[in-house]
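Have a look at the structure below before the remarks.
Residue numbers (our numbering): 5 to 66.
Here it is, written out as structure tokens:
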């Protein structure tokens with residue numbers, strides 16, 4: 005691995021997100037207002053719906 009690639013990999017923190025902890029207050033404020041508030045509510049409702057579903061049965065050999 006090149007020095008440049010190694011340095012870039014070390015700069016990343018898990019989880020690898022496209023924003024930092026410093027961005028969170030602005031992002032949280034942004035989802036409170038249109039048009040993002042409605043989108044956020046739909047995302048949460050969809051996620052909650054999936055949490056109540058049972059996982060699908062897997063058939064075949066793994």
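Backbone N, C-alpha and C define an ideal beta-carbon position, used for all residues, glycine too.
Own chain, CB closer than 7 angstroms to residue i, minus 5 neighbours either side, in chain order
i, result
"residue 35", "41 and 44"
"residue 19", "none"
Same chain, Cβ closer than 8 angstroms to residue i, five either side skipped, listed in chain order
i, result
"residue 23", "31"
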